[in-house]
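Undergrad: As you go down the protein sequences, you meet chains D and U in turn.
Heads up, the first sequence is in my numbering, so the first residue is 17 and it goes up one at a time.
Heads up, the second sequence is in my numbering, so the first residue is 17 and it goes up one at a time.
What follows is a single structure, and I will ask about it in a moment.
Protein chains: 2
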Amino acid sequence: MPAAVPAGIFIAPRSGSGGCTDTMSLDFAKLDGLIPAVVQDEESGRVLMLGFMNDEAWRKTVETGNVTFFSRSRNKLWMKGESSGHVLKVKEIATDCDDDSLLIKVKSLGPGVCHAGYESCFYRRLEGDQWVESEGKTYDPNAVYGGSK
Amino acid sequence: MPAAVPAGIFIAPRSGSGGCTDTMSLDFAKLDGLIPAVVQDEESGRVLMLGFMNDEAWRKTVETGNVTFFSRSRNKLWMKGESSGHVLKVKEIATDCDDDSLLIKVKSLGPGVCHAGYESCFYRRLEGDQWVESEGKTYDPNAVYGGSK
Chain D
17 MPAAVPAGIF
27 IAPRSGSGGC
37 TDTMSLDFAK
47 LDGLIPAVVQ
57 DEESGRVLML
67 GFMNDEAWRK
77 TVETGNVTFF
87 SRSRNKLWMK
97 GESSGHVLKV
107 KEIATDCDDD
117 SLLIKVKSLG
127 PGVCHAGYES
137 CFYRRLEGDQ
147 WVESEGKTYD
157 PNAVYGGSK
Chain U
17 MPAAVPAGIF
27 IAPRSGSGGC
37 TDTMSLDFAK
47 LDGLIPAVVQ
57 DEESGRVLML
67 GFMNDEAWRK
77 TVETGNVTFF
87 SRSRNKLWMK
97 GESSGHVLKV
107 KEIATDCDDD
117 SLLIKVKSLG
127 PGVCHAGYES
137 CFYRRLEGDQ
147 WVESEGKTYD
157 PNAVYGGSK
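In structure tokens, the structure reads:
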């Protein structure tokens, strides 16, 4: 019987023939084991958030197809949407010329990615020297999170 | 005579009345004085690169209207395009809910932002477990940089 195919859209063997086991590797050294990952809505092109991944979060993201970060504040893996249901499904992954950041295009399963209730975490724009809210909320964060992220 | 208006599109006084001098401030503490800044093409919506800013680079970016990073490898301020002429003109700046990352929409004055010759630094996509170049170069980096960034 063939091995089960993982739920993610990418097949990412950790070992195998051809010496290709580390081709997915990224440069985590510059930032003490973390790299920034930009999340962009695949359809609208809107940048939704930026999170950090360690190697484990990165592998989880690829293997499961669900964007998974390393939470710096909670010091643990954090699958986006694990409490809210607002999961980010991976559609495409790109890395940059230095292998030290990621761009992940997603389909967002919720009305917003921001724990404050907005579609995007980037909901404040600079006007003069002030940060100004530039859009309305897309959901009630208290109803979803009840005080936690 | 009124003070000269800086070249940037934002007016960002460092001191003045109203106690608003620090409203532009961001949370640089989480990452040893740096925050990641995502650069997005204002017209196409393409994410072009990700760089890091310290407080000085951030202020320079706002005051001049030219995206300025802090180069971790060279340990100094780096106005994007200072050697190539491929300057990134600021069109809009947003910050995220935690004040610890930036999204900067720009007009890019060059054929590409990547020192390797591509429009975007994110020119490689994950296919299976391999990073694969997904587009051609838009300029000859040797002709522009001659071996340096």
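Beta carbons are placed, not taken as given, at the ideal position from N, Cα and C, and that holds for glycine.
Give me the Cα-Cα distance between S136/D and G152/U, rounded to the nearest whole angstrom.
TA: For the purposes of this step, residue 136/D is identified with residue 120 of the first sequence, where counting begins at 1. For the purposes of this step, residue 152/U is identified with residue 136 of the second sequence, where counting begins at 1. Each residue's alpha carbon lies about 31 angstroms from the other.
Undergrad: Does chain U have any CB closer than 8 angstroms to the CB of M40/D?
TA: Translated into positions along the first sequence, residue 40/D becomes position 24. Output row for M40/D: interface = yes.
Undergrad: Drop a sphere of 10 angstroms on the beta-carbon of R140/U, count the other beta-carbons inside from all chains shown, and report buried for 16 or more, exposed for fewer.
TA: Mapped onto the second sequence, residue 140/U falls at position 124. So R140/U counts as buried.
Undergrad: Reducing DSSP to helix, strand and coil, say where P127/D ends up.
TA: Here residue 127/D corresponds to residue number 111 of the first sequence, with the count starting at 1. DSSP places P127/D in coil when its eight states are reduced to three.
Undergrad: Could you tell me which chain D residues have their CB closer than 8 angstroms to the CB of T111/U, listed as they occur along the chain?
TA: Against the second sequence, residue 111/U aligns to sequence position 95. Residues of chain D passing the Cβ test: F138, R140, L142 and W147.
Undergrad: What's the gap between the Cα of Q212/D and the Cα of H102/U?
TA: This structure does not reach residue 212/D, given that chain D is present from 17 up to 165, and the question cannot be answered.
Undergrad: In chain order, what residues of the same chain lie with their CB nearer than 8 angstroms to the CB of T111/D, ignoring the 5 residues before and after it?
TA: Translated into positions along the first sequence, residue 111/D becomes position 95. The residues are L42, S117, L118 and L119.
Undergrad: Is there a C-beta anywhere in chain U that falls below 8 angstroms from the one on R88/D?
TA: Within the first sequence, the letter at position 72 stands for residue 88/D. Output row for R88/D: interface = yes.
Undergrad: Would a C-beta distance cut-off of 8 angstroms place G67/D and G61/U closer than the cut-off?
TA: Here residue 67/D corresponds to residue number 51 of the first sequence, with the count starting at 1. Here residue 61/U corresponds to residue number 45 of the second sequence, with the count starting at 1. Going by C-beta atoms, G67/D is not nearer than 8 angstroms to G61/U.
Undergrad: Can you give the beta carbon distance from T77/D to V106/D, rounded, assuming they're within the 8 angstroms contact cut?
TA: Taking the first residue of the first sequence as position 1, residue 77/D is located at position 61. Taking the first residue of the first sequence as position 1, residue 106/D is located at position 90. Contact flag correct, Cβ pair sits at about 6 angstroms.
Undergrad: With distances taken Cα to Cα, identify the nearest neighbour of M95/D among L104/D, T84/D, S89/D and R88/D.
TA: Within the first sequence, the letter at position 79 stands for residue 95/D. That would be T84/D, whose Cα lies nearest to the Cα of M95/D.
Undergrad: Expressed to the nearest angstrom, what Euclidean distance is found between the alpha-carbon atoms of S150/D and G162/U?
TA: As a first step, residue 150/D must be located in the first sequence, where it is residue number 134. As a first step, residue 162/U must be located in the second sequence, where it is residue number 146. Cα to Cα, the separation comes out at about 43 angstroms.
Undergrad: So L104/U contacts chain D; which residues on that side make the cut at Cβ distance below 7 angstroms?
TA: Reading the second sequence from its first residue, position 88 is the one you call residue 104/U. Per Cβ cutoff of 7 angstroms: no residues; L104/U is ~15 angstroms from chain D at best.
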